[in-house]
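Chemist:
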Amino acid sequence: MTVSENARRRRKKRKTAAVITAVVIVVLVAALAVGAALVAADLQKKRQAKEEAEAAAAAEAARQAEEAEQGDEPTPEPEPEVPLAWLTGYMAGNENEIFLQDEAGQPAYAVIRGTPVEYAQRPDGRLQVRVGGVEGFCQPGAVTDDPTRVVPEQVQYVRTAVNLRTEEGKILDYLTNKGDTVSILGCDRTEEDGSVHLYKVAVNGNEGYLAPKYMTDTYEGAMANYDQDGLYQIHAGRGDSYGGGSGDNLDYFPREKPDFSDWGNVMPDEVRALYLNVESADDIDDYLAIAEGTGINTFIFDIEDGGSVAFPSPAMEEYSPATYGSAYHTAEEFASYVKKAKDAGYYVVGRITTFIDYNFVYDHPECAILDQNGETKYLNGSYWPSAFNRYVWEFKVAMAIDAIEMIGFQEIQFDYCRFPDLTYRYEKEGTIDYQNTYSETKAQALQRFLMYATDMIHEYGVYVGVDVFGESAYNYITAYGQYWPALSNVADVISGMPYPDHFDAYNGYRPWEHPYETLYEWGTYAAARQTEIPTPARVRTWIQCYDAIKNPYNTYGTAEITAEIRGLRDAGLSGGYMTWNGSSSRGKYREVREAFNY
5 MTVSENARRR
15 RKKRKTAAVI
25 TAVVIVVLVA
35 ALAVGAALVA
45 ADLQKKRQAK
55 EEAEAAAAAE
65 AARQAEEAEQ
75 GDEPTPEPEP
85 EVPLAWLTGY
95 MAGNENEIFL
105 QDEAGQPAYA
115 VIRGTPVEYA
125 QRPDGRLQVR
135 VGGVEGFCQP
145 GAVTDDPTRV
155 VPEQVQYVRT
165 AVNLRTEEGK
175 ILDYLTNKGD
185 TVSILGCDRT
195 EEDGSVHLYK
205 VAVNGNEGYL
215 APKYMTDTYE
225 GAMANYDQDG
235 LYQIHAGRGD
245 SYGGGSGDNL
255 DYFPREKPDF
265 SDWGNVMPDE
275 VRALYLNVES
285 ADDIDDYLAI
295 AEGTGINTFI
305 FDIEDGGSVA
315 FPSPAMEEYS
325 PATYGSAYHT
335 AEEFASYVKK
345 AKDAGYYVVG
355 RITTFIDYNF
365 VYDHPECAIL
375 DQNGETKYLN
385 GSYWPSAFNR
395 YVWEFKVAMA
405 IDAIEMIGFQ
415 EIQFDYCRFP
425 DLTYRYEKEG
435 TIDYQNTYSE
445 TKAQALQRFL
455 MYATDMIHEY
465 GVYVGVDVFG
475 ESAYNYITAY
485 GQYWPALSNV
495 ADVISGMPYP
505 DHFDAYNGYR
515 PWEHPYETLY
525 EWGTYAAARQ
535 TEIPTPARVR
545 TWIQCYDAIK
555 NPYNTYGTAE
565 ITAEIRGLRD
575 AGLSGGYMTW
585 NGSSSRGKYR
595 EVREAFNY
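What follows is the structure, encoded as structure tokens:
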């Protein structure tokens, strides 16, 4: 190869390299230009986004400032919902019904106090409540976890003086006084309508239970008497003339008379009853035969008559072993006799002699009426537990409840609900000690016993009756403590014993020879007493069904029995009658059988 050719080739290579270099430079410059353009575009977007965010923040700040100037709070961001924790409790409050509110806080649903509910605490402090398929809202105090705390603590005042008691019914030592301040600590339970059954209370350092009807919410109301300027003045005018007490310190507030028809316990409008003593009960078939086809619709069975005892019961075993050991029938036998009467369609009443009981005194002389030397005092043929003694009250009521549960009685009748009569001489001499623990009058003690008895026995859907001397229908408090208005206002049935031969003759007139006139006149007095109280008991009267025990010892046959019944009805006493014949003589009942159709 020549020199010139080599030179030519070298020039050509240099030229090619230069071209390549130029091309590379152009490409690099172009790439740099594109990259620069992209960077510039990205920066522009970021500046624009920043400007937009700043503008939005400024707009929001301006909006919030404007809302703040108008007094509106900024709308908070919604918080995530936390599931409610549901618990179980009971509606609580001062009233029988508590209203749940709707979302707007308006009353929406009424719930009975004490009703079990589900509830949950809401973030806003309210409770959300579920009950009976509905939901609503209330404040925390309207629900409690303790069914005995469904009433808030509050203050009440004693309106009617009664003893504190236990939840089970045992009588505690403290006798409340009218006007006592009562601190409500809770209750035992509420009824179907939300009312409280018994309040748990504290009174002057003593704790126990009281029924709501014995309290009120103001001291002035507690110290007042029922119908102060009306009926009360009648009783206030009857002083202590014979040692039984006065009418001004007894209780005349209305007491609701129960109707136990819903329990299957229907008391006849007019009771027409045969009386059966303890020993006669096993001849029930004979008495049913006598009653069949007549107007008789009721049998009175003795549970206890002084020392005569129908059947043994747990209460007797606990309180008085001597009573328990004196039972004439077994419980099963006696129950079968009473059941026969019930199965035949008769109403059945159990009679208890309350404050005459030598078996109980044998076991508990410390509860008896004593003489001046502290020995049990024998009065009117027996020993007498003191009607002031609360342990005696407990025993007689516990005996009644056993008779209801074991035998099936529909009514309990308390006879001898009194202090012994003919004791004025001993009182004047100071040779009798009633062991009057609370310095009560006789009339107060008897009325308070009936309050306790009705409170306890009504729990079993059973009525309570009280027997009284015929004298108690007159317008004074008797020496033995019976005062018709005070007892009738509490009991469901009051039964006078105006036996014609128990009245005294005067000016040659013998009341037992005039059964119609005697019962009619007595009936007008009883009817008058009934108008002096707001809630009188039914009047069902014991009639004499035996021959007179006074000269000329006249026979009481069909005509005389009919005359007694007619006299009572004509006097306006329509509650019926019960035949008193101490021996329950089937012969006498057969003899006068036609009278029961009158």
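With our numbering, letter number 87 in the sequence shown gets 91, and the count goes up by one each step, no holes. Even glycine gets a Cβ: it sits at the ideal position worked out from N, Cα and C.
(1) In the DSSP assignment, find the unbroken alpha helix (DSSP H) run with Leu491 in it and report its ends.
(2) What does DSSP give as the partner residues of Tyr524 in its beta bridges?
(3) Which value, in whole angstroms, describes the spacing of the CA atoms of Val200 and Asn393?
(4) Under the rule that 16 or more other beta-carbon atoms within 10 Å means buried, what is Glu370, buried or exposed?
(5) Leaving aside the five residues before and after Gly249 along the sequence, list all residues of the same chain whose C-beta is less than 7 Å from its C-beta, in chain order.
(6) Measuring only the C-alpha atoms, how far is Val342 from Ala457?
(7) Tell me Ser312's beta-bridge partners as DSSP assigns them.
(8) Mapping the DSSP letters down to three states, classify Leu577 as helix, strand or coil.
(9) Go to Asn601, then tell me how far its beta strand (DSSP E) extends in each direction, as first and last residue.
(10) Just to confirm, is the Cβ distance from Trp488 to Arg533 under 8 Å?
(11) Indicate the three-state DSSP secondary structure (helix, strand or coil) for Gln105 in the structure shown.
(12) Under the three-state reduction of DSSP, which class applies to Val28: helix, strand or coil?
(13) Secondary structure at Asn363, three-state DSSP: helix, strand or coil?
(14) If you follow the alpha helix (DSSP H) that Arg514 is part of, which residue opens it and which one closes it?
(15) Name the two residues that bound the continuous alpha helix (DSSP H) containing Trp546.
(16) Check whether the region 215 to 233 touches the region 155 to 166, taking contact to mean three or more Cβ pairs, one atom from each stretch, closer than 8 Å.
(17) For Tyr213, which residues of its own chain have a beta-carbon under 8 Å away from its beta-carbon, when the five flanking residues on both sides are left out?
(18) Quick one: Cα of Phe303 to Cα of Leu278, how far?
(19) Nearest-angstrom Cα distance between Tyr323 and Ala215?
(20) Is the region 334 to 351 in contact with the region 375 to 393, if contact means three or more CB pairs nearer than 8 Å?
(21) In terms of DSSP beta bridges, what is Gly603 paired with?
(22) Taking only three categories from DSSP, how would you classify Ile481?
(23) Leaving out five residues before and five after Asp361 in sequence, what residues of the same chain have Cβ atoms less than 6 Å from its Cβ?
(24) Contact check, Phe399 vs Phe359 under 8 Å by CB: the rounded distance?
(25) Residues bridged to Met501 by DSSP?
(26) What residue range is occupied by the uninterrupted alpha helix (DSSP H) comprising Thr327?
(27) For Arg117, is the classification buried or exposed, using 16 other Cβ atoms within 10 angstroms of its Cβ as the cut-off for buried?
Modeler: By the coordinates alone:
(1) Leu491: member of the alpha helix (DSSP H) spanning Trp488 to Ser492, first to last residue.
(2) Paired residues: none, contrary to the question.
(3) Answer to the nearest angstrom: the Cα atoms are 28 Å apart.
(4) It is exposed - the Cβ of Glu370 has fewer than 16 other Cβ atoms within 10 Å.
(5) Excluding residues within five positions, the ones whose Cβ falls inside 7 Å are Thr445, Lys446, Ala447, Gln448, Ile481 and Gly485.
(6) Near 22 Å, if we compare the C-alpha coordinates of Ala457 and Val342.
(7) DSSP, once it has assigned bridges, lists Asp309 as partnering Ser312.
(8) Coil.
(9) DSSP places Asn601 outside any beta strand (DSSP E), giving it a letter other than H or E.
(10) A Cβ-Cβ contact shorter than 8 Å links Trp488 with Arg533.
(11) Here Gln105 sits in strand by DSSP.
(12) Because Val28 sits at a pLDDT of 40, beneath the cut-off of 50, its placement in the model cannot be relied upon, and the following sentence gives the value as read from the coordinates. Three-state DSSP puts Val28 in a helix.
(13) DSSP places Asn363 in the helix class (H, G or I) of the three-state scheme.
(14) Note, Arg514: premise wrong, no alpha helix (DSSP H); not H, not E.
(15) No alpha helix (DSSP H) holds Trp546; the beta strand (DSSP E) holding it covers Thr545 to Gln548.
(16) With a cut-off of 8 Å on Cβ pairs, the region 215 to 233 is in contact with the region 155 to 166, counting three or more such pairs.
(17) Result list for Tyr213: Leu168, Arg169, Thr170, Glu171, Asp192, Leu202, Tyr203, Lys204 and Val205, in chain order.
(18) The straight-line gap separating the alpha-carbon atoms of Phe303 and Leu278 is approximately 5 Å.
(19) Approximately 25 Å between the Cα atoms of the pair.
(20) Verdict: no, contact absent.
(21) No statement about residue 603 is possible, as the shown extent of the chain runs from 5 to 602 and does not include it.
(22) Coil at Ile481, not helix or strand.
(23) Only residues of its own chain outside the window of five on either side were considered, and among them Pro389 have a CB closer than 6 Å to the CB of Asp361, listed in chain order.
(24) Not confirmed; about 11 Å, so no contact.
(25) Answer by DSSP bridge pairing, in chain order: Phe473.
(26) First-last of the alpha helix (DSSP H) with Thr327: Pro325 to Tyr328.
(27) Burial of Arg117 is indicated by the presence of at least 16 other C-beta atoms within 10 angstroms of its C-beta.
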